[in-house]
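Numbering (the working numbering), first residue to last: 553 to 976.
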């Protein structure tokens, strides 16, 4: 139940509100919300501690409001609030139902409170919703002393959030000379006169009442437009506009959508063969083996796109089902009729077979240092010696084989080779 508010001096104080909450779960949730504001009850904070300054407000945007009202989890059901109706409460704010918005700082968090008129009983004293937001604008929690306030997404909470969003937008759009006009927002409404239905305006707040003046700018010529597009094409970044221009759109085709990559061997899995006998599986494997192929172009493309190795998702996908250099010895020594389960897992699911110990962490951290030292040493013995990153090499002759050297070495005197780095 809602507690009786005090006089203007108390403004937002509602003595006994927490004590009058009936449900134990409601009290526990209320105390949980207070943890983000150092345990202080907003309904017990005296008037002198509130700040009437829009500069202190968090950077709340319409995205923050929408994310909270729709996708925040209900503290009672753990399901998303999905309060679509509250998204329409901007109209309440625009009609002046929100007034006396105050703020109080708690570290990086901000507590905002206000008076909001009842949606149906305009003659009664206004309600007192409050919200807690991070300074970045993320809404953490909310409350209201109305009948639905325990749900944390009532129309009064939504009206306050829209008022905060509008105030922040107004604040951030003003220049220094406009600062006196910070809070030039809808005037608060204390009473709503009764009227006949035919005299009530039910339309929504218009987006703009100003008339757009016709442009007097002369449109560019075909030559000027072409020169401009060629100019921005040379920018360090890729202007999105050019992706819509036929003469330039070819440069914006995503490289990840490339039909030249070889097939991922996990796609050969056939669930219908799960209970098949060994001769049947062997026959099916031979049939699939005959269809496997990796072209020279595909080999080069895979190597180029997997140079980040363990940081590359494609590196794991292309290794799936293939015997790589580190597994080759074990694959040759296991029984084909009853192969090692751990070996099968490491070949068919390489991403799941990763291990991470202190030793491997240390080795990965110092691998670049070791390679740089190796490069300095070899430069004294070779002509134009270089070491570069290497991706996964797939065999064109045996498509089920692959290898990922730690690096590729090149020099004019010896040619190109692989580099295997061991850190001790």
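Even for Gly, the Cβ is constructed at its ideal location relative to N, Cα and C.
Beta-carbon proximity of residue i to residue j, cut-off 8 Å
i: residue 870; j: residue 946; result: yes
i: residue 844; j: residue 951; result: yes
i: residue 650; j: residue 666; result: yes
i: residue 872; j: residue 939; result: no
i: residue 633; j: residue 716; result: no
i: residue 684; j: residue 713; result: no
i: residue 710; j: residue 622; result: no
i: residue 641; j: residue 602; result: no
i: residue 704; j: residue 627; result: yes
i: residue 994; j: residue 719; result: The displayed coordinates of the chain run from 553 to 976. Any statement about residue 994 would go beyond what the structure contains.
i: residue 876; j: residue 955; result: yes
i: residue 854; j: residue 902; result: no
i: residue 804; j: residue 794; result: yes
i: residue 606; j: residue 723; result: yes
i: residue 658; j: residue 589; result: yes
i: residue 697; j: residue 569; result: yes
i: residue 850; j: residue 910; result: no
Same chain, Cβ closer than 6 Å to residue i, five either side skipped, listed in chain order
i: residue 974; result: none
i: residue 733; result: In this prediction, residue 733 has a pLDDT of 49, which is less than 50 and means its spatial position is unreliable; nothing more can be read from the coordinates.
i: residue 867; result: 858, 861, 944
i: residue 693; result: 585, 684
i: residue 608; result: 655
i: residue 930; result: 937
Spatial distance of residue i from residue j (CA atoms)
i: residue 953; j: residue 915; result: 26 Å
i: residue 801; j: residue 859; result: 27 Å
i: residue 861; j: residue 883; result: 22 Å
i: residue 965; j: residue 942; result: 21 Å
i: residue 770; j: residue 777; result: 12 Å
i: residue 921; j: residue 927; result: 10 Å
i: residue 653; j: residue 695; result: 15 Å
i: residue 900; j: residue 822; result: 14 Å
i: residue 648; j: residue 774; result: 51 Å
i: residue 682; j: residue 701; result: 10 Å
i: residue 618; j: residue 890; result: 57 Å
i: residue 670; j: residue 576; result: 27 Å
i: residue 897; j: residue 879; result: 11 Å
i: residue 599; j: residue 567; result: 13 Å
i: residue 616; j: residue 852; result: 46 Å
i: residue 643; j: residue 636; result: 14 Å
i: residue 824; j: residue 842; result: 20 Å
i: residue 708; j: residue 675; result: 16 Å
i: residue 838; j: residue 829; result: 15 Å
i: residue 917; j: residue 791; result: 37 Å
i: residue 932; j: residue 970; result: 19 Å
i: residue 919; j: residue 863; result: 15 Å
i: residue 783; j: residue 638; result: 47 Å
i: residue 630; j: residue 968; result: 59 Å
i: residue 799; j: residue 786; result: 14 Å
i: residue 809; j: residue 865; result: Any reading at residue 809 must be qualified, since the residue scores a pLDDT of 48, below 50, and its modelled position is unreliable; no value is offered.
i: residue 827; j: residue 789; result: 54 Å
i: residue 833; j: residue 818; result: 16 Å
i: residue 888; j: residue 836; result: 15 Å
i: residue 680; j: residue 721; result: 23 Å
i: residue 579; j: residue 673; result: 27 Å
For residue i, the first and last residue of its enclosing beta strand (DSSP E)
i: residue 693; result: 691 to 695
i: residue 787; result: No beta strand (DSSP E) contains residue 787, which DSSP labels as neither H nor E.
i: residue 703; result: That residue, residue 703, is in no beta strand (DSSP E); it is neither H nor E in DSSP.
i: residue 847; result: From DSSP, residue 847 is part of no beta strand (DSSP E); its letter is neither H nor E.
i: residue 968; result: 967 to 971
Residues of its chain near residue i, where Cβ-Cβ distance is below 7 Å and the 5 sequence neighbours each way are ignored
i: residue 963; result: 934, 935, 936, 937
i: residue 596; result: 565
i: residue 972; result: 957, 958
i: residue 660; result: 686, 687
i: residue 592; result: 586
i: residue 728; result: Low confidence applies here, because residue 728 scores a pLDDT of 47, under 50, leaving its location unreliable; read the following figure in that light. So no residue of the chain qualifies.
Residues near residue i by beta carbon distance below 8 Å, same chain, minus five either side
i: residue 848; result: 948
i: residue 797; result: 781
i: residue 662; result: 608, 609, 610, 655, 656, 684, 685, 686, 687
i: residue 820; result: 840, 873
i: residue 772; result: 780
What runs of the alpha helix (DSSP H), each 4 residues or longer, lie entirely inside the stretch 560 to 633? 576 to 586, 614 to 623
Which full runs of the beta strand (DSSP E) of 3+ residues lie inside the stretch 872 to 959, going along the chain? 938 to 940, 953 to 955
Counting only runs that start and end within the stretch 645 to 697, where is the beta strand (DSSP E) found for 3 or more residues in a row? 650 to 658, 661 to 668, 682 to 686, 691 to 695
As an exercise, report each continuous alpha helix (DSSP H) stretch of at least 4 residues that is fully enclosed by the stretch 826 to 866, in chain order. 830 to 843, 848 to 857
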